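Printed below as a string of structure tokens:
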């Protein structure tokens, strides 16, 4: 039996799987897909704020989507595992492209492509033929000289029955591909060197864990500290004037890490200058940096965008904060019939116990506040939910937006604090030290907000004749005193019906109405002020509501005047003169008493004196990848320049003997056909056929 013949059958072998994978990863379509995914991730990282506190994301997205986005890593896109994986695959893909194509390109750059045939040159689009009386050798040398004069590299190659003149120019164009692709790899490597990948590796393999508690930096455990040998970091350190720091705080999604610095920074002096709008114009820090190992001291002034660099670690001026200003305040009760003021002191960023029920957390102090205080349409005190910032923006814009405005005014120092009770609940307050004239009324601004994301709502407490809150506080306490309310009602009834005994019954009715009105306005734990009055009046028949409401408010205002006078007499002070000025004060005081129900604090703290302490916030960075990124940028510039401004041209002249001398065939090619190439071809067409003189 004869075996079957395989003659004429071509066997196709399948490429190895590894080769196919390498080709796919190093292909252009794969690189474009990677770049598209990285671009989408960059858009997400730009739109969504990165590195915010967890509570901020929970408030924005809710608990469910917060957890989903957290697991995906959208809150730290640029350090998420999948983003780093994309970058690693991009580096691998680009590196494979370079490995596969760079040797071929370098070889082609050195090549003269001298194996071209005469018939092939006839198929070129840009070609020309001519005859010359010169001999073949002479014409070849003449053509080579003219091409060299035009900037070409030339090589003469002897062929069978002819001579080939091979010329090239702009072969360095291929360096553009190599440099551009190498730039991607180098920049990515430099970015990884400066990213938090080294810190993540320490968390994964060296047991470093972020610290999410509170307390002093010196009390943070070793597991949450990074050594001075950490290759890269970017953290912040706050230093009050006259103090030092040798650590920086690195913010992590679930806490902080403490970076030990290789030196100690001493802040000798902090300087700040302001524009007329209150915006900082210049702030700088005079520092001394003492290196831990050598003890060498470096002095310098750090300004914005002018860092001090010590042993490869850059110290930038980031911002400034309060460094622990000393505060002296007077406390006024805001509940009950007590009007006993008390002294209290504190330090910014510290706490002060206030009795057994509350603790004051001093959160901030500003020595001056430049605001645009212009007349508004609302002559009343700020109501619940309406902030001073909203008022300013609504009517005239903030000071920062309106650099030239006659209404800009420094309204003096302010203090911010939180009042926390035993259950941990707290409200934040922002009180101004000096009275402010708003809408023609001189008032003290007392801000309050229940949530950090809310604007402050301001209570306007009218200033009395002594430019203090004493009279308003006296009236507030008297309003909560049932005996004084009864006495005020009696005084009002006597003033309203001063004589005629026949009016006794009416006088009793007026007294009862006045006392009831004061009691309703004083309110209880659930409601007070005008809200309580409105609820009471709603019970009246609609036809009698308007008339009774007007009478009720007249009696209330008049009896509050008497309540104020009785409170002054009780404290050994004479009654005030009943004039327009004091009537306006009482009107503002009544509005403030009504709004005080929403203030939500047992005390009002009035700033009396302070000792301001500034603190400078520095960003301390070690970025070894910076030089690598700069090198990558240089490669990118060279690559783009080579690809767009260097044009590769190849030219061949095939010369063979002819009966009258020699015959030449010239052909020219380029990767990109441009107008410059067409002009150059026309110039060579005119120049090459010319005979030597």
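Residue numbers (my numbering): 55 to 747.
Beta carbons are placed, not taken as given, at the ideal position from N, Cα and C, and that holds for glycine.
Quick caveat: nothing in here was measured; it's all calculated off a predicted structure.
Reduced DSSP secondary structure (H/G/I, E/B, other) of residue i
i, result
"residue 212", "strand"
"residue 262", "coil"
"residue 105", "coil"
"residue 456", "Per-residue confidence for residue 456 stands at a pLDDT of 34, beneath the threshold of 50, marking its modelled position as unreliable; the derived number appears in the next sentence. Residue 456: coil per DSSP, three-state reduction."
"residue 467", "coil"
"residue 673", "strand"
"residue 180", "strand"
"residue 82", "helix"
"residue 387", "strand"
"residue 416", "strand"
"residue 724", "strand"
"residue 374", "strand"
"residue 431", "Unreliable placement is indicated for residue 431, whose pLDDT of 43 sits below 50; no coordinate value is reported for it."
"residue 322", "strand"
"residue 741", "helix"
"residue 219", "strand"
"residue 438", "Note that residue 438 scores 40 on pLDDT, short of 50, meaning its location in the model is unreliable and no value can be drawn from it."
"residue 713", "coil"
"residue 730", "helix"
"residue 660", "strand"
"residue 483", "strand"
"residue 528", "helix"
Nearest residue (CA-CA) to residue i, options the options
i, options, result
"residue 649", "661, 499, 174 and 345", "499"
"residue 385", "523, 548, 145 and 329", "523"
"residue 619", "610, 631 and 609", "631"
"residue 315", "300, 354 and 745", "300"
"residue 291", "211, 374, 477 and 725", "374"
"residue 678", "312, 249, 90 and 481", "249"
"residue 686", "486, 135 and 237", "237"
"residue 688", "658, 232 and 306", "232"
"residue 538", "303, 417 and 617", "617"
"residue 132", "361, 695 and 94", "94"
"residue 305", "136, 745 and 104", "104"
"residue 497", "467, 550, 508 and 518", "518"
"residue 392", "359, 464, 328 and 621", "621"
"residue 718", "183, 146 and 126", "183"
"residue 568", "581, 543, 591 and 86", "543"
"residue 583", "596, 647 and 196", "647"
Short Cβ contact (8 angstroms threshold) for residue i with residue j
i, j, result
"residue 346", "residue 324", "no"
"residue 153", "residue 194", "no"
"residue 264", "residue 308", "yes"
"residue 529", "residue 547", "no"
"residue 683", "residue 277", "no"
"residue 708", "residue 175", "yes"
"residue 294", "residue 674", "no"
"residue 319", "residue 271", "no"
"residue 379", "residue 402", "yes"
"residue 642", "residue 489", "no"
"residue 221", "residue 207", "yes"
"residue 476", "residue 417", "no"
"residue 321", "residue 343", "no"
"residue 466", "residue 484", "no"
"residue 696", "residue 230", "yes"
Buried versus exposed, by CB contacts within 10 Å (16 or more), residue i
i, result
"residue 749", "Only positions 55 to 747 of the chain appear in the structure, and residue 749 is not among them; the question remains open."
"residue 722", "buried"
"residue 469", "buried"
"residue 651", "buried"
"residue 351", "exposed"
"residue 506", "exposed"
"residue 604", "exposed"
"residue 691", "exposed"
"residue 367", "buried"
"residue 214", "exposed"
"residue 644", "buried"
"residue 148", "buried"
"residue 83", "exposed"
"residue 527", "buried"
"residue 22", "Any answer about residue 22 is impossible in this case: the structure gives the chain only from 55 up to 747."
"residue 72", "exposed"
"residue 703", "buried"
Minimum Cβ-Cβ distance from residue i to chain D less than 8 angstroms
i, result
"residue 721", "As a matter of chain content, chain D is missing from the structure shown, which is built from one protein chain."
Complete runs of the beta strand (DSSP E) confined to the stretch 578-604 [at least 3 residues]: none
Contained alpha helix (DSSP H) runs [length at least 4] in the stretch 135-205, N- to C-terminal order: 135-164, 172-176 and 190-203
Continuous alpha helix (DSSP H) assignments of at least 4 residues falling wholly in the stretch 502-549: 524-533
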